[in-house]
Amino acid sequence: SKLIFLAVLLSVLLHSAWAQDKANVKFGDVSEKHFVNKIYPIDSNASAVVIADIGSSRIEGNNKGGFSLVYKHFKRVHILNKNGYDIANVSISLYSDGDDEEELDKLRAVTYNLENGKVAETKLDVKSNVFKDKISKNLVVRKFTFPNVKEGSIIEYEYSITSDYLTNLQPWEFQGAYPRLWSEYNLSLPAFFGYVFITQGSKNYDINQTEQRRESFQVLDTRGVGASERFSFQAEVTDNRWVMKNVPALKEESYTSTIDNHIAKIEFQLSELRPPAYVYRKIMGTWNQLTENLMKSEYFGEQISKDNSWLKDIVSPVVNASDSKEAKAKKIFAYVRDNFTCTSHDRRSMDQSLKNLTKTKNGNVAEMNLLLTAMLKYLDIEADPVILSTRSHGYTFPLYPILSKFNYTICRAIIDGKTYFLDASDPHIGFGRLPVRCYNGHARVVNKAADAIGLSSDQVTETKTTSIFLINDNKGNLIGSLQQTPGYYESLNLRDRIKEKGEEQLQKDIKKAFGADIVISNFGVDSLNKYDYELGIHYDFDIKDEKEDIMY
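Written out as structure tokens, the structure is:
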């Protein structure tokens with residue numbers, strides 16, 4: 202009997218261990234018991250909780266003579282109150298080369314509600330309610346919103362993506378704006394592909410498993426005019442499995458960069474092609490190779506390195522021959538900033554030629570700053586483009602030359618031994634200043650040396666000075682005057698506000714901030730159009746009916 206008891210106990214323990222090893226969640230398996238929790242121990246204030254988020258990627262042979270990435274994604278969420286409704290809006294990003302795009306398949310989504318003690322399903326009409334949004338030449342987003350979402354709803358979806366773009370091995374985020382009870386990613390990687398694994402975050406994996414096996418691969422080439430060719434071979438495959446349990450939420454906060462810089466996640470970058478499927482080839486090169494390719498690119502460096510004698514007609518009226526190099530650079534910078542409109546602050550390269558930009562006067566951030574670079578070079582001023590990633594786009598990795606991590610181009614000029622970083626895309630920015638969005642760590646100069654640059658947020662400091670003179674008048678009211686010099690970046694924001702809403706609205710905002718009945722007179726803003734300097738704000742005020750001995 203003791204042996205039977207031990208056998209039963211061992212069976213229970215093994216079952217318990219197995220249960221902890223699996224998410225135990227299946228699409229469509231939602232019953233009344235899943236609605237019991239109104240609050241989850243992981244976060245009693247959570248508006249929604251991700252019950253399970255599970256993804257997998259594998260590589261298989263296709264009928265185009267090569268290989269495809271197959272990605273599958275399943276997610277279930279319990280929405281607890283109205284503040285969690287935003288998680289019911291889903292966007293799926295697909296890469297496009299302009300002609301073909303990654304294929305979204307087998308999408309299904311269901312909302313479950315508990316009505317009269319029974320589970321009621323509302324299925325998404327995929328054909329009618331999934332919308333396509335073309336973000337750029339290379340990015341398409343499929344969007345949908347779950348139907349019939351209420352407080353207490355459970356929503357779940359799954360889909361697959363088939364991609365012929367082997368550089369687009371799907372990353373995985375274990376953490377996000379809502380807590381996750383179970384987050385899992387599985388990757389089956391054949392030995393003939395080499396990928397760099399890039400991990401981020403402070404939370405350790407609860408499960409981190411690696412297993413080796415052999416798999417048969419078949420590649421069919423149907424693109425020729427004759428009979429199809431079929432290739433079959435076996436290769437070693439590594440199955441990777443990563444699981445994190447009870448992952449806390451991480452939300453955006455003031456003065457921080459995007460949460461993508463901080464959440465627990467794993468990313469991949471194709472680095473090598475190997476036998477038996479390929480002759481060995483290194484894919485990921487060096488920083489020097491990356492910048493060299495950019496310098497030769499038709500939509501980047503070629504535009505500023507070739508003979509740009511046509512710039513003479515544009516540059517000559519702007520500068521004087523007797524100007525110093527610094528004076529010329531300042532005039533050219535102001536010309537580009539004040540005469541061109543930036544249409545996008547999320548571009549690394551050009552969509553039009555520099556000549557065309559000078560005609561349209563509208564261009565993205567890369568186009569404007571590459572034009573600035575070309576004009577400075579024409580004047581024999583040392584200038585090079587710099588690629589970086591903005592704070593909202595995420596960090597770049599100094600060790601890995603991954604071009605897709607960069608989304609922004611500025612200009613570096615060196616004049617009389619002094620270095621200036623320039624961004625002419627902001628209409629109110631001063632010479633030698635960069636918008637705050639540019640201070641996101643590692644950046645690269647696009648030249649032969651591929652110089653690394655650190656644009657740390659610690660470099661951005663602000664000092665604000667406020668002077669107040671305050672007395673009681675003969676009626677017992679408080680009267681006085683104020684003089685204020687905001688910091689440079691606060692001045693930049695105020696210039697934008699004044700440009701958009703006018704000085705009168707700024708006065709109204711100041712009166713509202715006083716929290717008392719106040720009359721403002723002799724209001725003025727100095728240096729409004731002198732973008733290299735901080736603003737000066739000054740006004741007189743009269744606080745009516747203020748009789749307190751102490752004023753805060």
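All residue numbers for the sequence shown refer to the numbering used here, where the first residue is 202 and numbers rise by one. Virtual Cβ for every residue (Gly too), placed ideally from N, Cα, C.
Coil, strand or helix - residue i by DSSP
i: residue 600; result: coil
i: residue 626; result: coil
i: residue 393; result: coil
i: residue 274; result: strand
i: residue 696; result: helix
i: residue 646; result: strand
i: residue 549; result: coil
i: residue 293; result: strand
i: residue 594; result: coil
i: residue 356; result: strand
i: residue 225; result: coil
i: residue 663; result: coil
i: residue 279; result: strand
i: residue 480; result: coil
i: residue 375; result: coil
i: residue 320; result: strand
i: residue 211; result: Its pLDDT being 46, under 50, residue 211 is placed unreliably in this model, and the value from its coordinates should be taken loosely. Correct three-state label for residue 211: helix.
i: residue 500; result: coil
i: residue 384; result: strand
i: residue 460; result: helix
i: residue 634; result: coil
C-alpha gap between residue i and residue j, whole angstroms
i: residue 724; j: residue 665; result: 19 Å
i: residue 257; j: residue 447; result: 20 Å
i: residue 421; j: residue 278; result: 40 Å
i: residue 484; j: residue 438; result: 20 Å
i: residue 441; j: residue 259; result: 10 Å
i: residue 717; j: residue 685; result: 20 Å
i: residue 754; j: residue 222; result: The chain is shown only over 202 to 753; residue 754 falls outside these bounds and no answer can be derived.
i: residue 565; j: residue 327; result: 35 Å
i: residue 498; j: residue 488; result: 15 Å
i: residue 551; j: residue 576; result: 16 Å
i: residue 568; j: residue 372; result: 30 Å
i: residue 722; j: residue 285; result: 46 Å
i: residue 340; j: residue 266; result: 25 Å
i: residue 543; j: residue 644; result: 21 Å
i: residue 731; j: residue 537; result: 16 Å
i: residue 736; j: residue 486; result: 47 Å
i: residue 164; j: residue 535; result: Shown here, the chain extends from 202 to 753; a query on residue 164 therefore has no answer.
Buried versus exposed, by CB contacts within 10 Å (16 or more), residue i
i: residue 480; result: exposed
i: residue 401; result: buried
i: residue 477; result: exposed
i: residue 330; result: exposed
i: residue 675; result: exposed
i: residue 574; result: buried
i: residue 431; result: exposed
i: residue 419; result: exposed
i: residue 689; result: buried
i: residue 706; result: exposed
i: residue 641; result: buried
i: residue 466; result: buried
i: residue 600; result: exposed
i: residue 734; result: exposed
i: residue 398; result: exposed
i: residue 504; result: buried
i: residue 549; result: buried
i: residue 671; result: exposed
i: residue 667; result: exposed
i: residue 337; result: exposed
Opening and closing residue of the alpha helix (DSSP H) in which residue i lies
i: residue 309; result: Premise fails: residue 309 lies in the beta strand (DSSP E), 304-316, not in any alpha helix (DSSP H).
i: residue 158; result: No answer is possible for residue 158: the residues shown for the chain start at 202 and end at 753.
i: residue 575; result: 566-579
i: residue 560; result: 555-561
i: residue 369; result: That residue, residue 369, is in no alpha helix (DSSP H); it is neither H nor E in DSSP.
i: residue 493; result: 488-497
i: residue 513; result: 513-516
N- and C-terminal bounds of the beta strand (DSSP E) containing residue i
i: residue 329; result: Taken as a continuous stretch (DSSP letters only), residue 329 belongs to no beta strand (DSSP E), being part of the alpha helix (DSSP H) at 327-330.
i: residue 506; result: No beta strand (DSSP E) holds residue 506; the alpha helix (DSSP H) holding it covers 503-506.
i: residue 446; result: 430-448
i: residue 409; result: 408-422
i: residue 612; result: 609-616
i: residue 257; result: 249-262
i: residue 583; result: 583-589
i: residue 472; result: 466-474
i: residue 653; result: 653-656
Item checked: Those runs of the alpha helix (DSSP H) which lie wholly inside the stretch 675-743 and span at least 4 residues -> 689-702 and 704-715
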